[in-house]
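Trainee:
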C-alpha cells in the first residue's frame, strides 16, 4: 500500500511522517520557538495572503469606481 | 459565456488587469486545498495513537483511496466545470472545508476513509488545478503560461507553509483542533475570497482577455470575435481524434511515471544504494521539492515569450539528463566519476523540472482546443498522468525485488523521457495554436 501514497506524484504528494519529523527538527533549530509560537508564525504568514489580496482588491475597486465617475459611467452603464 | 464578440469596457484606466486577482485567488485555493492534503502525513501518528491502530497501512488506506478517487473523478468535475463554471469550484471548496472540520469527530478509521478518502477527495476534484487552469485560460491569452504557472506554484507553497503549520498546531493543541483550524481556513478565507473575486469570464467584468484588444476601427468598445484555432472542439472526445492531444497526453504519462517513481523510491535508493544518511537524503529530497515552485514559474513565464512545446521538450530532456547523471554517477559503465555529486545534480535539475510540465501541457491544450471543453480535457490528461504514476511505482517496486537494485527500473523509466521529449518537440504549435492564428491587433496585456 505504501507506494500508492505517492500516486498523485508531484501534484499532491502526501508528506511522509518520518520526513516530517526531520523537517520539524530543522525548523525548530532555525526558528527556535515553541510549538504555539511557531504555529502562530506560520498561521500569520498564511493569513497575510488572503488579507493582502482583499486589501489590493478593495483599492482596485475604489479606483475603478472613481475612474467610472470621472468618465460619467454608472455602474450599470456600458460605454 | 463566450468571450468572443463581447462588449467590453476599455481597460486603459485599470491599475492592474483584473485577471491577476483571479490568479492570486486561485493560488490561495491551491495552497489551502493541496496543503491540507499534504498535511495528512502530520496526522498519521497522533491519530493512530488515538484510534489505537497498530498497522500503518490502515491509516494510509484512507489516503491511498483518496488519491485514486481524486484522480478518477477529475474528468467528471472538469465536465461539470465546463457546464456550470465557477459555481463548481466554490461549492466544492465549501464541501472540502465542512468535511475537513468534520474530521475532528473521527472515532473510527472507517469514518476517516469515508470522509477523507471519499467525500473530500471527490470534492477536491472540483477545485483542482485542472479546473482552475481552465478558468485562468479564459482570462489570459498572452500571459497564459505565467498565470497557470503561478497558480500551480500555489500547490508547492501550500506544502511549504501548511505542513509545518499543521505540525506545530498539533504539537501546541491536538489533532482534532488542527482539523478544525484547517477547515476554518478554507471556509473563512478561501471560500469568501473565491466568492468575491472569481468571475468565469472577462466579459463578466466588461473586460477582454489579457493580450486581446478591440478590433481596429471598432467602435463603442465592441471587441472583434476572438480568433479560433483550427482544432477547437465543442465536444471533448473529438479532441482525441487529433494528434496533438495524444502527443501532449502521452508525454504527460511519462511525466507521471518519472516523477512518481522518485517520490516513492528516491529516498530509499540514495540511502540504501548511494550511502546517504537519512538527514542528507531528506535534504536532497527537500531541495528537489523546494525548486518546484521556482522551476514552474520560470518555465511558465518563458513559455509565453518563446512558445510552449519547445520548452516542454526541454523540460523532458533536462529531466532525462538528470536521470542519466544520477545513474552514471553511481559508477555505471565507468563513464563518470562515482560519487554523491550526481544525486545533488539530479535533485537540482529534476526539481526544477518537477511540476513545470503541468502549466505548459494545460496551456498547450487550451491554445489548441479552445476553452469550451478545457476542464474536461485537463481532467482526462490528469488521469493519463496518474496512470503513468501508478504503473511506474509498481514497476520499480517489483524490479527492485527482482534485480536487488533501483538502477534498472530508474534506467527504464528514464529512457521513456526520450520519446516524451520527441513528442513534445514534434508538436506543430505554430500550425495549431491559437497564439499563432490571425489576431486583429495584438498588444501588450492590459495593466501589467
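Chains as they are written, first to last, in this note's numbering: chain A, 1 to 79; chain B, 1 to 448.
All C-beta atoms in this analysis are idealised placements derived from N, C-alpha and C, irrespective of residue type, glycine included.
Remember, it's a predicted structure, so these values are computed and weren't measured experimentally.
Which residue marks the beginning of the alpha helix (DSSP H) containing residue 305 of chain B, and which one marks its end?
Mentor: 278-306
Trainee: Along the chain, where does the alpha helix (DSSP H) that runs through residue 50 of chain B open and close?
Mentor: 40-51
Trainee: Which chain B residues sit within Cβ distance under 7 Å of residue 87 of chain A?
Mentor: Examination of residue 87 of chain A is not possible in this model, given that chain A is present from 1 through 79 alone.
Trainee: Look at the alpha carbon of residue 419 of chain B and the alpha carbon of residue 75 of chain B, and state the distance between them as a whole number of angstroms.
Mentor: 26 Å
Trainee: Chain B partners of residue 39 of chain A, CB-CB under 7 Å?
Mentor: For residue 39 of chain A, the residues of chain B that pass the 7 Å Cβ criterion are 165, 168, 169 and 172, in the order they occur in the chain.
Trainee: Hey, is residue 53 of chain A's beta-carbon within less than 8 Å of any beta-carbon in chain B?
Mentor: yes
Trainee: At the level of alpha carbons, what is the spacing between residue 312 of chain B and residue 306 of chain B?
Mentor: 11 Å
Trainee: Below 8 Å, can you find three or more Cβ-Cβ pairs linking the stretch 20-39 of chain A to the stretch 165-173 of chain B?
Mentor: yes
Trainee: Considering Cα atoms alone, identify which of B:257, B:106 and B:87 is closest to residue 48 of chain B.
Mentor: B:106
Trainee: Whole angstroms is fine: what's the gap from residue 450 of chain B's alpha carbon to residue 161 of chain B's?
Mentor: There is simply no residue 450 of chain B to check, as chain B begins at 1 and stops at 448 in what is shown.
Trainee: If you compare alpha carbons, which of B:109, B:154 and B:308 is closest to residue 430 of chain B?
Mentor: Measuring from the Cα of residue 430 of chain B, the nearest candidate turns out to be B:308.
Trainee: Cβ atoms of residue 375 of chain B and residue 131 of chain B: under 8 Å apart, would you say?
Mentor: Cβ distance < 8 Å, so residue 131 of chain B and residue 375 of chain B count as in contact.
Trainee: Can you list, in chain order, the residues of its chain whose CB lies under 6 Å from that of residue 125 of chain B, leaving out five sequence neighbours each side?
Mentor: 70, 73, 74 and 77
Trainee: Under a CB-based cut-off of 8 Å, is residue 28 of chain B close to chain A?
Mentor: Closer than 8 Å to some Cβ of chain A, the Cβ of residue 28 of chain B qualifies, so yes.
Trainee: Any beta carbon of chain A sitting closer than 8 Å to that of residue 69 of chain B?
Mentor: Using a CB distance cut-off of 8 Å, residue 69 of chain B does not count as an interface residue toward chain A.
Trainee: Between the Cα of residue 380 of chain B and the Cα atoms of B:25, B:324, B:357 and B:246, which residue gives the shortest distance?
Mentor: B:246
Trainee: From the beta carbon of residue 32 of chain A, is the nearest beta carbon of chain B less than 8 Å away?
Mentor: no
Trainee: Along chain A, in chain order, which residues have C-beta atoms closer than 9 Å to that of residue 16 of chain B?
Mentor: 56 and 60
Trainee: Buried or exposed, going by whether 16 or more other CB atoms sit within 10 Å of the CB of residue 158 of chain B?
Mentor: Around the beta carbon of residue 158 of chain B, a 10 Å sphere encloses 16 or more other beta carbons of the protein chains shown; the residue is thus reported as buried.
Trainee: In chain order, what residues of the same chain have a beta carbon less than 8 Å from the beta carbon of residue 351 of chain B, not counting five sequence neighbours either side?
Mentor: Take residue 351 of chain B, set aside five residues on each side of it, and the residues of its chain with a beta-carbon closer than 8 Å to its own are 287, 288, 289, 290, 291, 292 and 295, in chain order.
Trainee: Buried or exposed, going by whether 16 or more other CB atoms sit within 10 Å of the CB of residue 220 of chain B?
Mentor: Model confidence at residue 220 of chain B stands at a pLDDT of 46, short of 50, so the residue's coordinates are unreliable and nothing is read from them.
Trainee: I'd like the span of the alpha helix (DSSP H) that includes residue 232 of chain B, first residue to last.
Mentor: Counting along the chain, residue 232 of chain B sits inside no alpha helix (DSSP H), nor does DSSP assign it H or E at all.
Trainee: So for residue 210 of chain B, helix, strand or coil by DSSP?
Mentor: Residue 210 of chain B: strand per DSSP, three-state reduction.
Trainee: Counting contacts by CB-CB distance shorter than 8 Å, is residue 433 of chain B in contact with chain A?
Mentor: Judged by the 8 Å Cβ criterion, residue 433 of chain B is not in contact with chain A.
Trainee: Closest Cβ-Cβ distance between residue 45 of chain A and chain B: below 8 Å?
Mentor: Cβ-Cβ to chain B under 8 Å: yes for residue 45 of chain A.
Trainee: If you compare alpha carbons, which of B:322, B:354 and B:195 is closest to residue 414 of chain B?
Mentor: B:322
Trainee: Chain B partners of residue 27 of chain A, CB-CB under 7 Å?
Mentor: Listed along the chain, the chain B residues whose CB falls inside 7 Å of the CB of residue 27 of chain A are 164.
Trainee: What did DSSP end up calling residue 140 of chain B once you bin it into helix, strand or coil?
Mentor: strand
Trainee: Output the distance between the C-alpha atoms of residue 269 of chain B and residue 276 of chain B, rounded to the nearest integer angstrom.
Mentor: 9 Å
Trainee: If distances are taken between C-alpha atoms only, which option among B:273, B:255 and B:325 comes closest to residue 386 of chain B?
Mentor: B:255
Trainee: At 8 Å on the CB atoms, spell out the chain A contacts of residue 25 of chain B, in chain order.
Mentor: 53
Trainee: Examine chain A for any beta-carbon lying closer than 8 Å to the beta-carbon of residue 216 of chain B, and answer yes or no.
Mentor: Low local confidence applies: a pLDDT of 47 at residue 216 of chain B is under 50, so the model's placement there is unreliable, with the coordinate-based value given in what follows. Chain A contact via Cβ: absent.
Trainee: Could you check where the alpha helix (DSSP H) with residue 126 of chain B kicks off and where it finishes?
Mentor: Taken as a continuous stretch (DSSP letters only), the alpha helix (DSSP H) holding residue 126 of chain B covers 121-126.
Trainee: Tell me, please, whether the stretch 342-357 of chain B touches the stretch 35-52 of chain B by the rule of three or more beta-carbon pairs shorter than 8 Å.
Mentor: no
Trainee: Can you tell me which of the three DSSP states residue 178 of chain B falls into?
Mentor: helix
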